[in-house]
Amino acid sequence: MKKILLVCSAGMSTSLLVNKMKAAAKEKGIEIEIDALPVSEASSVIDKVDIVLLGPQVRFQKAHVESLVKGRIPVEIIDMRLYGTMNGKAVLEQVLKSIGH
Amino acid sequence: MDKFSKAIEKILVPIATKLNSQRHICAIRDAFILTFPLTMAGSLMVLINNVLLDPNGFIAKLIHLGDLIPNLSDYQAIFAPVLNGSLNILALFIVFLIARNLAKSLGADDLLTGLTALSVFLIIYPSGENGMLPTQYMGPQGLFVAIIVGILVGEFLSRLSNSPKLEIKMPEQVPPAVARTFKILLPIIIVTASFSVANFLLLKVVEGGIHELVYSVLQKPLIKLGDSIFSVVTLTLVSNLLWIMGIHGPNTIAAVRDTMFAEANAANLAFAQANGTAWGAPFPTTWALVDGFSNYGGSGCTLGLLIAIFIFSKARDQRDIAKLSIAPGLFNINESVVFGLPIVLNPIFIIPFLLVPIVNLIIGWGAIMLEIIPPLAYSSGVVWTTPGPLIPFLATGGEFMGLVVGIISLAVSTLIYAPFVIASNRAAAKQQEIEETNASL
Numbered sequence: 001m002k003k004i005l006l007v008c009s010a011g012m013s014t015s016l017l018v019n020k021m022k023a024a025a026k027e028k029g030i031e032i033e034i035d036a037l038p039v040s041e042a043s044s045v046i047d048k049v050d051i052v053l054l055g056p057q058v059r060f061q062k063a064h065v066e067s068l069v070k071g072r073i074p075v076e077i078i079d080m081r082l083y084g085t086m087n088g089k090a091v092l093e094q095v096l097k098s099i100g101h
Numbered sequence: 102m103d104k105f106s107k108a109i110e111k112i113l114v115p116i117a118t119k120l121n122s123q124r125h126i127c128a129i130r131d132a133f134i135l136t137f138p139l140t141m142a143g144s145l146m147v148l149i150n151n152v153l154l155d156p157n158g159f160i161a162k163l164i165h166l167g168d169l170i171p172n173l174s175d176y177q178a179i180f181a182p183v184l185n186g187s188l189n190i191l192a193l194f195i196v197f198l199i200a201r202n203l204a205k206s207l208g209a210d211d212l213l214t215g216l217t218a219l220s221v222f223l224i225i226y227p228s229g230e231n232g233m234l235p236t237q238y239m240g241p242q243g244l245f246v247a248i249i250v251g252i253l254v255g256e257f258l259s260r261l262s263n264s265p266k267l268e269i270k271m272p273e274q275v276p277p278a279v280a281r282t283f284k285i286l287l288p289i290i291i292v293t294a295s296f297s298v299a300n301f302l303l304l305k306v307v308e309g310g311i312h313e314l315v316y317s318v319l320q321k322p323l324i325k326l327g328d329s330i331f332s333v334v335t336l337t338l339v340s341n342l343l344w345i346m347g348i349h350g351p352n353t354i355a356a357v358r359d360t361m362f363a364e365a366n367a368a369n370l371a372f373a374q375a376n377g378t379a380w381g382a383p384f385p386t387t388w389a390l391v392d393g394f395s396n397y398g399g400s401g402c403t404l405g406l407l408i409a410i411f412i413f414s415k416a417r418d419q420r421d422i423a424k425l426s427i428a429p430g431l432f433n434i435n436e437s438v439v440f441g442l443p444i445v446l447n448p449i450f451i452i453p454f455l456l457v458p459i460v461n462l463i464i465g466w467g468a469i470m471l472e473i474i475p476p477l478a479y480s481s482g483v484v485w486t487t488p489g490p491l492i493p494f495l496a497t498g499g500e501f502m503g504l505v506v507g508i509i510s511l512a513v514s515t516l517i518y519a520p521f522v523i524a525s526n527r528a529a530a531k532q533q534e535i536e537e538t539n540a541s542l
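Residue numbers (this note's numbering), protein chains in the order written: chain P, 1 to 101; chain R, 102 to 542.
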């Protein structure tokens with residue numbers, strides 16, 4: 001089962017997106033584990049996930065997150081419009097494209 | 102619009118990138134974030150002490166607790182020491198956390214680096230009479246030294262411990278926990294000894310020691326700088342300009358903001374603790390004004406925008422976004438409206454997004470200056486996700502006028518956003534007209 005980590009500043013706005021993504025995954029019949037954390041706590045779980053998604057407003061922390069994953073997994077930024085409209089389905093598609101099912 | 106955003110991009114974005122990704126600044130920012138639950142709990146206790154366990158506090162008055170429990174205020178003594186374990190040792194928390202965060206980003210032993218930083222902080226700490234330590238620099242007054250020591254130790258210890266030449270290698274049979282401490286033993290000895298030497302030499306020149314020196318040269322001027330409405334307004338402006346570029350404004354300025362206002366907020370809280378009231382607190386102008394008056398719904402006071410949309414907007418997609426955003430917006434979370442409306446790079450909403458918070462700040466600050474409400478002394482005990490106008494109510498210790506000024510601020514923000522919502526409706530309608538004309542051609 002693939003594990004996804006969403007990070008933003010306080011972990012609050014991403015947690016909204018997490019619920020939408022979980023619903024989208026259920027619709028597709030895919031099993032997936034999604035967590036939302038603030039960037040400052042990401043390091044505690046970063047070794048156990050398969051992909052990290054950054055909220056667009058913290059996209060400049062990509063370098064910092066990449067230094068934590070050390071190239072092991074993809075680190076991607078969520079598109080602004082998708083994030084703003086909390087489009088869980090589209091973001092899930094983006095993830096599946098990167099790490100497969 | 103394009104020229105404007107390009108100009109901002111050239112100036113602000115490189116700075117924002119640096120502030121968001123530079124590892125020392127990240128270490129500082131994350132350290133403050135990690136201490137936040139502790140300091141908030143401590144501040145909350147002071148608030149509870151003064152509104153519940155004081156017969157004149159607004160909750161106690163409400164439920165007549167003073168009549169139910171005799172000598173109610175004696176129970177305050179139970180919670181009074183909480184500050185000693187939170188705000189009053191803020192520097193100790195910070196120095197540990199900054200070094201630990203840096204070690205984490207450099208791949209070194211985070212726990213031991215943090216502990217070493219704490220150790221160094223106390224190695225160079227001034228001693229008092231009779232072998233007692235003054236507590237003055239363990240709290241917010243020691244912040245600057247904590248930051249400097251945290252960074253220096255985090256940086257040097259991590260680099261030294263990553264160097265294989267200084268490693269004491271243990272044979273494989275030795276348990277990992279023991280081997281770990283030996284691995285870093287030489288670097289720790291080097292770092293602590295160097296700081297001892299440096300401190301010794303410094304004391305020859307500056308009698309009070311490094312804490313006093315840093316405090317008077319670096320920290321006091323910064324505090325003075327923060328103690329002005331001009332600074333608060335400027336910082337808010339920068340933060341909101343960053344949001345317009347789609348960058349998390351508060352996150353970017355967090356390190357500067359927390360360092361600048363920590364001491365003032367702590368002094369206010371200590372005052373409230375000592376005097377049982379917020380009236381007369383020493384620092385009326387701190388970042389608390391932002392949380393108290395200009396952050397309803399999130400940066401840009403977007404709760405006013407959402408209300409304006411519900412009242413004035415006929416555009417379907419705007420109302421959809423507003424419906425999506427109102428629930429988090431009540432708790433001051435607004436990424437969905439910032440990115441969804443969008444406000445990002447949207448010329449129509451830039452002006453109110455920048456203007457409304459400043460207007461609200463002036464309203465709140467004015468109310469304090471005119472002594473309609475006391476300073477927001479308890480603000481560190483009120484979590485930033487508290488629904489808008491409740492924040493000044495709670496942060497003033499239950500002053501009813503705080504709630505009134507809060508509601509006025511909300512109303513003003515809605516009124517200012519309204520014409521822009523109407524304008525955006527007209528622009529959207531016109532755009533649709535053009536498209537329909539083009540389609541029919």
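Yeah, the Cβ is synthetic: ideal placement off N, Cα and C, and Gly gets one too.
Note that this is a predicted model, so its numbers are computed, not measured.
- By DSSP's assignment, residue 8 of chain P forms a beta bridge with P:38.
- Taking one beta carbon from each stretch, the segment 225–239 of chain R and the segment 277–289 of chain R have fewer than 3 pairs nearer than 8 Å; the two do not touch.
- Here residue 51 of chain P is bridged, per DSSP, to P:4.
- Going by C-alpha positions, residue 367 of chain R is about 11 Å away from residue 190 of chain R.
- When beta bridges are read from the DSSP output, residue 76 of chain P appears opposite P:53.
- By the neighbour-count criterion, in which a residue is buried when 16 or more other Cβ atoms sit within 10 angstroms of its Cβ, residue 324 of chain R is buried.
- As the crow flies, the alpha-carbon of residue 390 of chain R is around 6 Å from that of residue 462 of chain R.
- Taking each of R:454, R:163, R:539 in turn and checking the Cα distance to residue 515 of chain R, the smallest one comes out for R:454.
- Rounded to the nearest whole angstrom, the C-alpha separation of residue 242 of chain R and residue 426 of chain R is 40 Å.
- Contact fails between the segment 369–387 of chain R and the segment 352–360 of chain R, because fewer than three Cβ pairs, one in each stretch, are under 8 Å apart.
- Under DSSP, residue 33 of chain P forms a beta bridge with P:3.
- Residue state for residue 332 of chain R is assigned as helix, using DSSP reduced to three classes.
- In this structure, R:313 is the residue among R:493, R:268, R:313, R:168 with its C-alpha nearest to the C-alpha of residue 244 of chain R.
- In this structure the segment 143–162 of chain R touches the segment 179–196 of chain R; the number of beta carbon pairs closer than 8 Å is three or more.
- For a Cβ distance threshold of 7 Å, residue set 347, 348, 349, 436 of chain R lies close to residue 57 of chain P, ordered along the chain.
- If you draw a straight line from the Cα of residue 419 of chain R to the Cα of residue 55 of chain P, it comes to about 22 Å.
- Within chain R, the residues 121, 122 have their CB atoms less than 7 Å from the CB of residue 61 of chain P, given in chain order.
- Collapsing the DSSP output to three states places residue 226 of chain R in coil.
- Looking at the backbone, the Cα of residue 184 of chain R and that of residue 146 of chain R are separated by about 8 Å.
- Bounds of the alpha helix (DSSP H) holding residue 518 of chain R are 501–541.
- Taking 8 Å as the cut-off between beta carbons, the residues of the segment 76–97 of chain P near chain R are 80, 81, 83, 84, 85, 86, in sequence order.
- Within chain P, not a single residue places a beta-carbon under 7 Å from that of residue 427 of chain R; the smallest gap is close to 12 Å.
- By the criterion of a C-beta distance shorter than 8 Å, residue 522 of chain R is surrounded in its chain by 406, 409, 410, 413, 414, 419, once the five residues flanking it on both sides are discounted.
- If only complete runs of 4 or more residues are kept, the segment 370–457 of chain R shows the alpha helix (DSSP H) at 403–413, 417–431, 436–441, in order along the chain.
- Going by beta carbons, residue 380 of chain R and residue 475 of chain R fall inside the 9 Å limit.
- Within chain R, the residues 134 have their CB atoms less than 8 Å from the CB of residue 38 of chain P, given in chain order.
- Per DSSP, reduced to three states, the secondary structure at residue 71 of chain P is coil, with no helix or strand assignment.
- Contact annotation: residue 203 of chain R and residue 214 of chain R have beta-carbon atoms nearer than 9 Å.
- The beta carbons of residue 365 of chain R and residue 384 of chain R sit closer together than 9 Å.
- In the structure shown, residue 483 of chain R falls within a coil segment according to DSSP collapsed to helix, strand and coil.
- Here the alpha carbon of residue 221 of chain R sits roughly 33 Å from the alpha carbon of residue 58 of chain P.
- Residue burial annotation: residue 538 of chain R is exposed, with fewer than 16 other C-beta atoms found within 10 angstroms of its C-beta.
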